[in-house]
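So the structure is just underneath, and the comments pick up after that.
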Amino acid sequence: MAAVPLITGATGFAGGHLLDRFTARQERVHAWGHRGSDRRGVDATGVEWDAVDLLDRASVRDALARIRPSLIYHCAGAAHVLAAWQSPAHALRVNVLGTHNLLESARDIGLACRVLVTGSAMIYAPQTDALTEESPIGAATPYGFSKLAQEMVAAESGLPALLVRPFNHAGPRQLPSFATSAFAQQIAEIETGRREAVLRVGNLDARRDITDVRDTVRAYEAIAERGRPGVPYNVCSGSAHSMHALLDVLLSLSTVRVRIQVDPSRLRPSDNPVILGSHERLTRDTGWTPQIPLEQTLADLLNYWRASVAQPS
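The sequence shown: position 312 = 347 (the numbering used here), numbered continuously.
Below you can see the structure in the form of C-alpha cells.
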C-alpha cells in the first residue's frame with residue numbers, strides 16, 4: 036500500500052484548508068486533531084482521522100508507527116499571539132514540546148520522510164523594511180519565542196525538516212480571535228440585528244502582510260515538493276496593509292453603517308507597527324506566488340460569517 040501524507044492540526048485554520056486541497060483532489064490523507072475538535076469533512080473519501088495528543092510522546096510514536104506517513108505537514112500548535120501572553124507556558128508546551136515529541140517519535144521509528152514545520156514571522160526583530168529570511172532574529176513576544184524554539188528544535192532534529200515562516204493569513208473559517216475575522220463576525224452580527232451597530236477594534240494603525248489562507252497552504256505544498264530542507268521560507272504576500280484599510284474594505288461590503296469603538300481588551304502588550312515580508316526565496320525555489328486578491332479574501336471571510344450567523348443557534 037502506498038504511503039500517505041499526514042496533516043497534524045487538521046481541524047485548525049491552515050490545517051483545515053490544507054486538508055481541503057487533498058479532499059478536492061480525492062487523495063488519501065491522514066488527519067490528526069485533538070480530542071473533541073470539530074472534524075470537518077470527517078466523512079470525506081480518503082481522510083483517515085485520529086485524535087492524537089502531541090504532548091503524549093508514547094501516543095505520538097504509536098500513531099506514527101501505525102501509519103508511517105510519506106510526508107508530514109505539521110500544522111498543529113498554539114497560534115494566537117494574545118493568548119500566548121496570557122498563558123506563555125501553554126504556548127511553549129504545545130509549540131515546542133509538541134514538535135519535539137513529533138520529530139523524536141519519527142526518529143525513534145526510523146521515519147525519514149520530509150516534515151514541514153509551520154513556524155512564524157514573529158521570530159524576526161521588528162523592522163519597517165521587508166523581512167527576508169536573512170533578517171535579524173529577535174522574537175519579542177511569548178508566542179514569537181515559542182515559534183523560534185520550535186524552529187530550532189526542527190532544524191536540529193536530524194530529519195529533512197522544511198522550515199516555514201508564515202506571515203498573517205486570513206480567510207473563511209478563521210477564528211474571531213484574529214482581527215480581520217473579528218471585524219467580519221461583528222459586521223455579520225450587526226447586519227442581522229444580533230449586535231448593536233458598534234464595531235469594537237484594537238490598534239487600527241498596525242500594518243500587516245496578509246495572505247489568503249488558501250494561497251498559504253498552496254505554498255506549503257510547493258515547499259513540501261520543491262523546498263530545501265533546513266532552509267527557512269517566508270510565506271507572505273509582499274504587501275502590508277493597515278488594519279484600518281482592511282476594516283474599510285469590509286465596511287464597504289457591509290449593508291449597514293456602524294460606529295467604531297476602540298476596545299482596550301483587544302490591544303496587545305507589544306505590537307509591531309509594521310510586519311512586511313519578502314517571498315523572493317520561496318518564489319525562486321518553488322515558483323509560488325500569491326494568487327488571491329485581498330479584496331476577495333475579505334469578501335469570502337465576510338460571507339463565511341454571514342452564513343455562520345444565519346445558522347440556527
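Heads up, the beta-carbon is just placed ideally off N, CA and C, and yes, glycines get one too.
Cβ contact annotation for VAL309 (same chain, cutoff 7 Å, sequence separation greater than five): THR163, ARG242, ALA275, in chain order.
Restricted to the region 259-334, the beta strand (DSSP E) segments that are unbroken, complete and at least 3 residues in length are 268-270, 275-277, 294-297, listed in chain order. For TYR108, the uninterrupted beta strand (DSSP E) segment begins and ends at 106-109.
By the neighbour-count criterion, in which a residue is buried when 16 or more other Cβ atoms sit within 10 angstroms of its Cβ, ARG200 is buried.
Between PRO264 and ALA196, the C-beta gap is smaller than 8 Å, which places the two residues in contact. In this structure, THR332 and GLY206 form a Cβ contact; the two beta carbons are roughly 5 Å apart against a cut-off of 8 Å.
Contact between VAL64 and GLY50 fails: their C-beta atoms lie close to 11 Å from each other, not under 8 Å. Fewer than three pairs of CB atoms, one per stretch, sit closer than 8 Å, so the region 280-299 makes no contact with the region 315-328. Annotation: the continuous alpha helix (DSSP H) that includes PRO123 extends over 123-127.
Scanning its chain for C-beta atoms nearer than 8 Å, with the 5 sequence neighbours on each side dropped, one finds around HIS52 the residues GLY206, ARG208, VAL248, ARG249, THR251, VAL252, in chain order.
If only complete runs of 4 or more residues are kept, the region 200-265 shows the alpha helix (DSSP H) at 214-226, 248-261, in order along the chain.
Looking only at THR43, ARG128, GLY322, ASP55, the smallest Cα-Cα distance to LEU106 is reached by THR43.
DSSP, read as helix, strand or coil, puts ARG149 in strand. Comparing alpha carbon positions, the residue from TRP340, THR318, ARG341, SER313 closest to GLU168 is SER313. Taking C-beta atoms as the reference points, LEU132 and VAL150 fail to come closer than 8 Å.
Under the DSSP assignment, THR43 falls in the beta strand (DSSP E) whose first and last residues are 41-43.
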